[in-house]
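Numbering (the numbering used here), first residue to last: 8 to 457.
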Ligand code: UD1
Ligand code: MG
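Following this line, the structure appears as structure tokens:
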């Protein structure tokens with residue numbers, strides 16, 4: 008029976024002090040909402056419901072961008088976590104099987120933890136994810152009796168003794184979908200905040216003779232983000248974990264603490280990543296590729312045996328085939344470089360196709376933009392593009408062709424042709440010493456006058 012997922016993401020996040028809804032703030036290049044959706048996706052859910060409220064339109068767009076099959080419901084007023092879950096009831100009225108409730112601002116719950124909760128459903132009608140808090144602060148406290156969970160008490164409503172409890176509520180809850188909604192429907196708001204607390208379903212379940220239990224996870228997983236400082240902490244925590252995972256997966260990181268990963272970065276075994284490399288969203292690096300120091304990559308693919316940098320920038324749509332060499336101060340965007348292409352230095356390749364074995368000389372630029380539209384440059388196989396060639400797109404250079412250094416190429420170049428698009432050189436014998444004398448006399452006059 009497929010699991011249903013409800014992700015709560017309606018809160019404003021006042022303490023972020025931001026125009027952006029909290030769940031859209033990014034950790035590792037991806038909105039926190041995507042982290043939560045990714046954790047949930049590991050359960051292969053039948054249905055995913057995102058509860059939006061503040062900034063609903065933007066939240067909905069982000070949710071759809073991650074999973075176009077998800078359903079977004081809008082909670083008009085934020086009356087509490089139980090009220091938020093209740094908004095998902097109409098969408099899941101036919102859903103059988105279990106429902107897992109996640110928070111959009113809690114990005115680090117691991118798939119294994121969610122699996123453990125589903126396993127615990129064999130023993131309990133309601134399963135709550137708890138953690139031992141170093142500083143329990145204002146978290147809800149889990150009141151337990153042996154293995155059983157008696158109730159959850161919110162900090163505001165807790166007695167002095169209850170506040171001494173260090174086992175806290177992460178917010179993640181799992182129950183049979185229809186049981187969950189029938190319990191949520193019974194929740195009232197007679198408490199210190201006047202809110203409908205999802206946490207009340209534990210006591211309501213027990214009144215029905217149903218049992219509740221706790222699964223625990225390390226506190227690092229339940230880390231929620233409420234402030235910019237916590238967002239920075241979450242980023243640091245993500246990066247620490249991603250670096251450790253990369254090392255474990257057989258990736259060499261020369262200076263791990265200086266490499267930054269995105270949520271979806273994939274790096275193959277035996278790849279080598281130098282110091283100060285930044286991976287934005289959508290990067291895959293195949294086994295054995297090397298990314299040298301100070302590179303910035305996003306939305307690109309680097310194949311086996313290719314090497315990039317130092318100081319290179321690969322932007323979305325950069326596709327490097329096997330054994331491509333990209334050197335320093337090269338920027339590549341929306342361009343396909345076939346096997347063995349070499350782009351050594353100081354070059355911009357945008358909206359281009361480069362055939363196998365082609366060499367791009369230093370200072371080459373694809374002039375892809377005419378101020379209004381973008382145009383493509385197509386270069387064939389085994390071409391030699393001379394240094395400082397301007398390729399004014401749209402333009403094609405055929406196989407086995409050459410361009411002379413400093414050329415401005417505005418017309419197509421046939422296979423095997425040499426194209427020269429520059430002024431012819433003029434040589435004036437004996438003129439240089441005369442010019443030097445002239446310039447010196449001008450300088451001397453200026454200094455006397457001053
Ligand atoms: C909640 C729990 C608390 C737990 C803590 C963990 C309740 C009553 N309390 O408290 O036991 O220790 O989380 O972080 O559940 N949301 C909505 N609509 C609402 C209210 C909240 O979508 O009307 C969403 C928020 O956007 C957020 C999540 O639910 O993602 C939790 O809400 P929040 O207000 O942060 O709850 P806490 O007071 O932190
Ligand atoms: Mg909170």
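Note that the Cβ used here is the ideal one computed from N, Cα and C, for glycine as well.
The model shown is predicted, which means the values in this text are computed figures rather than measured ones.
(request) Would you kindly check if the distance between the Cβ of residue 392 and the Cβ of residue 367 is under 7 Å? (result) yes
(message) Using 8 Å as the cut-off, can you tell me whether the segment 69-84 makes contact with the segment 129-142, which would need three or more C-beta pairs spanning the two stretches below that distance?
(response) no
(request) Give the secondary structure of residue 73 by DSSP, where H, G and I count as helix, E and B as strand, and everything else as coil. (result) helix
(message) Quick check: the Cα distance between residue 151 and residue 328, rounded to an integer number of angstroms?
(response) 58 Å
(request) Could you tell me the distance, in whole angstroms, from the CA atom of residue 248 to the CA atom of residue 242? (result) 10 Å
(request) Identify whether residue 132 lies in helix, strand or coil by the three-state DSSP scheme. (result) In the three-state reduction of the DSSP assignment, residue 132 falls in the coil class, being assigned neither a helical nor a strand state.
(request) Decide if residue 373 is buried, meaning its Cβ has at least 16 other Cβ atoms within 10 Å, or exposed. (result) buried
(message) By the three-class DSSP mapping on this structure, what secondary structure does residue 423 have?
(response) coil
(message) Can you tell me whether residue 445 is helix, strand or coil according to DSSP?
(response) helix
(request) With DSSP as the reference, label residue 230 as helix, strand or coil. (result) In this structure, residue 230 counts as coil in the three-state DSSP scheme.
(message) Suppose only complete runs of 4+ residues qualify. What are the alpha helix (DSSP H) ranges in the segment 84-119, listed by chain order?
(response) 88-93
(message) On the CB-based measure, 16 or more other CB atoms within 10 Å of its CB, does residue 24 come out buried or exposed?
(response) exposed
(message) So, at 6 Å on beta carbons, what are the nonlocal neighbours of residue 147 in its own chain, with the 5 sequence-adjacent residues on each side left out?
(response) 159, 161, 176 and 206
(message) For residue 195, which residues in the same chain have their Cβ closer than 8 Å to its Cβ, ignoring the five residues on either side in sequence?
(response) 203 and 207
(message) My output table needs one value for residue 6: the three-state DSSP class, helix, strand or coil.
(response) Residue coverage of the chain in this structure runs from 8 to 457, which leaves residue 6 outside it and unanswerable.
(request) Provide the residue(s) that pair with residue 391 in DSSP beta bridges, ordered along the chain. (result) Partner(s): 366 and 409.
(message) One question on the structure: do residue 347 and residue 388 come within less than 7 Å of each other, judged by their Cβ atoms?
(response) no
(message) What would DSSP say about residue 155, mapped onto helix, strand or coil?
(response) strand
(request) Consult DSSP for residue 246 and reduce its assignment to one of helix, strand or coil. (result) helix
(message) Can you tell me whether residue 443 is buried or exposed? The criterion is at least 16 other CB atoms within 10 Å of its CB, across all chains shown.
(response) Note on residue 443: under 16 other CB atoms within 10 angstroms of its CB, so exposed under the neighbour-count rule.
(request) Could you check the C-alpha separation between residue 131 and residue 11 for me, to the nearest Å? (result) 18 Å
(request) Report yes if the C-beta of residue 231 is less than 6 Å from at least one heavy atom of the ligand MG; otherwise report no. (result) Residue 231: yes, Cβ under 6 Å from the ligand MG.
(request) With a 10 Å radius around its C-beta and 16 neighbouring C-beta atoms as the bar for buried, classify residue 52 as buried or exposed. (result) buried
(request) Please check the pair residue 14 and residue 104, which I expect to be a contact at CB under 8 Å, by giving their CB distance rounded to whole angstroms. (result) That pair is no contact at about 17 Å.
(request) Could you name the residues that DSSP lists as bridge partners for residue 295? (result) Its beta-bridge partners do not exist; DSSP assigns none.
(message) Considering only the alpha carbon of each residue, which of 251, 331 and 235 lies closest to residue 26?
(response) 235
(message) Which residues does DSSP list as the beta-bridge partners of residue 223?
(response) 137
(message) Please report the straight-line C-alpha distance between residue 269 and residue 35, rounded to a whole angstrom.
(response) 4 Å
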